[in-house]
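Chemist:
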Amino acid sequence: MGEELHFLLIPLMSPGHLLPMVDMARLLATHGVTVSIITTPLNALRFTSIIDRAVASGLLIQVHHLPFPTKEFGLPENCENMDQLPSRDLIMNFLMAANELQQRFEELFNKLKPKPSCIVSGKNLPWTVKTANKFNVPRIVFDGMGCFSFICSYKLELSKVHEMVSEFESFKIPGLLHEIELKKAQLPENLNPVSNDLINIRDIRKAELVCDGIVVNTFEELEKEYVKEFKSIKGSDKVWCIGPVSAINKLNSDKAERGQKRCNFETLQPWLDLKEPGSVIYACLGSISGLTKWQLIELGLGLESSGKPFIWVIRENPKSNEIEKWILEEKFEDRVKHRGIIIHGWAPQLWVLSHPAIGAFLTHCGWNSTMEAVSAGVPVITCPLFAEQFINEKLVVDVLGIGVSAGVESAVTWGLEDKFGLLMKRERVKNAIDEVMEKSGAGEERRRKAKQIGETANKAIEKGGSSYQEMEMLIQFVLQRTKEVAQTSS
Ligand code: UDP
């Protein structure tokens, strides 16, 4: 179906958007359409080997580069991805530089073959609205979140219950099928603003509402009632749940090279191979958080006191010098030598999660990590940081029953982690690990549920699965639009 169709994918340049959209490109191509990924040169380098393999296997995927104007917008050299931003002050500069991609994108659009049929745009690239209008093609937004979090936020925006409580008072989200309690201090920034510096981003979000459809990285069976409600709000013919997109990565090489070329794989593989099945905690808080030394120390000490084998990923950023210094001074790596391993930088997360030695994933509940845990069929220990992550925590702990909360009470503000406190406590981290790793009882039940959901997740993208069918419907939608445009212009 759809041999003549050509989907242009332009992801927002942050790992949480780039990686799933590269997965989506390969998924789409397996349905027989041509796909182009359009991004900047250094972002393209992050997935070259994976796309080369996909092309060699016969998939019709092209990659096109647009230069990124770092210098013109006061960004550090080579800062082409949001995980390279040294401080929050530069977020707006980064988004303004991303706006400058429009002209080159439009020049490229006319040269592409076959003629592009639609644009799939990452969030925060509002200029793609104008470009899609200009070329009279549908514009579909890739939504980086799940349906449950959308519905929770939507109910809060309508009811405003969170505006009637103090920061640490619990309240129930009204009108939900499940009983979900949150605290105001845990809400995403748009519902509980702590700083006005990113007010323009909120305006960008409003522009994002103008789209012909939304692609969601989820699958129907995961959050059935919430998918249904999301579709009834947005229009059932305008939402396609096509995930978990990361499940397209079947080869070990694709899993190991997702996001960075073979990073830390050689250290991890022999280490993990020697561990008992289901015994290791994998702890990684995503790609963009910049927690302070004190917050990270609590996590490190929690992992140490659990007595379980662990992998702790500490991402490199301007603040990480301090935690690295603490690790050296405290001889932390020696202290946990035979049991713990620290990854300084990037971990091959998908590959790690698929290793039989992994018993649980301590995650910040970023949506991709959440979906990756679900697909890997491993239970989670939740340690949310910001954005909609506390809502995702509720999904995995209270709705799906595959997680234990580490009891974080308050969100940090991205880029201002030292100003607004995250209440991470080592004892709570340890207790949550103990609970998840419990051999029988609730621990066993959680593992059973996680495994079952994992199996459903992987089936969803296979032929006949729910997400497979939704992908076909998306392609039909674009095909129909293309025909209509051809008819009106002839
Ligand atoms: N990731 C990874 N290795 C790392 C850190 C992150 O592969 O060391 C990947 C992870 O698998 C996920 C993405 O980066 O696909 C992070 O997205 P998520 O939505 O979980 O969190 P964010 O980084 O956007 O907060």
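When the letters of the sequence shown are read in order and numbered with UniProt numbering, they come out as residues 1 to 490. Backbone N, C-alpha and C define an ideal beta-carbon position, used for all residues, glycine too.
If you draw a straight line from the alpha carbon of residue 413 to that of residue 189, how long is it in whole angstroms?
Modeler: In the sequence shown, residue 413 corresponds to position 413, counting from 1. In the sequence shown, residue 189 corresponds to position 189, counting from 1. Cα to Cα, the separation comes out at about 8 Å.
Chemist: Does the beta-carbon distance from residue 351 to residue 256 come in below 8 Å?
Modeler: On the sequence shown, residue 351 is found 351 positions in, with the first residue counted as 1. On the sequence shown, residue 256 is found 256 positions in, with the first residue counted as 1. In contact: residue 351 and residue 256 (Cβ atoms closer than 8 Å).
Chemist: Please tell me whether residue 539 and residue 281 are closer than 8 Å, where the distance is taken between their beta carbons.
Modeler: For the chain, the structure presents residues 1 to 490; residue 539 sits outside this window and is missing.
Chemist: Quick one: grab the DSSP three-state call for residue 483.
Modeler: Taking the sequence shown and counting its residues from 1, the one referred to as residue 483 is at position 483. Correct three-state label for residue 483: helix.
Chemist: Nearest to residue 110 by alpha carbon, out of 40, 185, 132 and 212?
Modeler: Stepping through the sequence shown from its first residue, residue 110 is reached at position 110. Of the listed residues, the one whose Cα sits closest to residue 110 is 132.
Chemist: So residue 256 is in the alpha helix (DSSP H); what residue range does that whole segment cover?
Modeler: Sequence index remark: in the sequence shown, residue 256 carries index 256 (1-based). It spans 252-256 - the alpha helix (DSSP H) in which residue 256 sits, taken as one unbroken run.
Chemist: Using only the alpha-carbon positions, how far apart do residue 470 and residue 397 sit?
Modeler: The residue given as residue 470 occupies position 470 in the sequence shown. The residue given as residue 397 occupies position 397 in the sequence shown. So the alpha carbons of these two residues sit roughly 27 Å apart.
Chemist: Here's a check: name, in chain order, each residue in its chain whose Cβ is nearer than 8 Å to the Cβ of residue 384, leaving out the five neighbours to either side.
Modeler: Residue numbering aside, residue 384 sits at position 384 when the sequence shown is read from its first letter. The answer, listed in chain order, is 186, 364, 365, 390, 392, 393, 408 and 411.
Chemist: Ignore the nearest five residues each way along the sequence and tell me which others in residue 75's own chain have a CB closer than 7 Å to its CB.
Modeler: Working through the sequence shown from its first residue, we reach residue 75 at position 75. Cβ within range, chain order: 90, 93, 94 and 97.
Chemist: Could you check what DSSP says for residue 194 in three-state terms: helix, strand or coil?
Modeler: Here the question's residue 194 lines up with position 194 in the sequence shown. Looking at residue 194 - three-state DSSP - the assignment turns out to be coil, as it is neither helix nor strand.
Chemist: Suppose only complete runs of 4+ residues qualify. What are the alpha helix (DSSP H) ranges in the region 286-373, listed by chain order?
Modeler: Fully enclosed alpha helix (DSSP H) runs of 4 or longer: 293-306, 320-329, 332-335 and 349-354.
Chemist: Kindly list the residues whose CB is nearer than 7 Å to the CB of residue 355, restricted to its own chain and excluding five residues on each side of it in sequence; keep chain order.
Modeler: Here residue 355 corresponds to residue number 355 of the sequence shown, with the count starting at 1. For residue 355, where only same-chain residues beyond five positions count, the Cβ hits under 7 Å are 272.
Chemist: Just reading off the alpha helix (DSSP H) that residue 427 is part of, what are its end residues?
Modeler: As a working mapping, residue 427 is identified with position 427 in the sequence shown. Its alpha helix (DSSP H) spans residues 426-437.
Chemist: Can you give me the C-alpha to C-alpha distance between residue 155 and residue 191, rounded to a whole angstrom?
Modeler: Here residue 155 is taken as the residue at index 155 of the sequence shown, counted from 1. Here residue 191 is taken as the residue at index 191 of the sequence shown, counted from 1. The alpha-carbon atoms of residue 155 and residue 191 are separated by roughly 11 Å.
Chemist: Per DSSP, which residues does residue 182 bridge with? Please list them.
Modeler: Numbered from its first residue, the sequence shown carries residue 182 at position 182. Its beta-bridge partners are 171.
Chemist: According to DSSP, simplified to helix, strand and coil, what is residue 478?
Modeler: Within the sequence shown, residue 478 is the residue found at index 478, counting from 1. The answer is helix: DSSP assigns residue 478 an H, G or I state.
Chemist: For the candidate residues 454, 144 and 289, whose alpha-carbon lies nearest to that of residue 241?
Modeler: The residue labelled residue 241 in the question sits at position 241 within the sequence shown. Answer by Cα proximity: 144.
Chemist: Buried or exposed: where does residue 334 fall if 16 or more other Cβ atoms within 10 Å of its Cβ makes it buried?
Modeler: Locating residue 334 in the sequence shown gives position 334, counting from the first residue. That one is exposed.
Chemist: Can you grab the Cα-Cα spacing for the pair residue 423 / residue 406, in whole Å?
Modeler: Taking the sequence shown and counting its residues from 1, the one referred to as residue 423 is at position 423. Taking the sequence shown and counting its residues from 1, the one referred to as residue 406 is at position 406. Going by the C-alpha atoms only, they are around 10 Å apart.
Chemist: By Cβ distance below 6 Å, which residues in the same chain neighbour residue 210 in space, the five residues on each side in sequence not counted?
Modeler: Indexing the sequence shown from 1 puts residue 210 at position 210. Excluding positions up to five away in sequence, the list reads 129.
Chemist: What separation, rounded to the nearest whole angstrom, lies between the Cα atoms of residue 477 and residue 464?
Modeler: Here residue 477 refers to the residue found at position 477 when the sequence shown is read from its first residue. Here residue 464 refers to the residue found at position 464 when the sequence shown is read from its first residue. So the two alpha carbons sit approximately 18 Å from each other.
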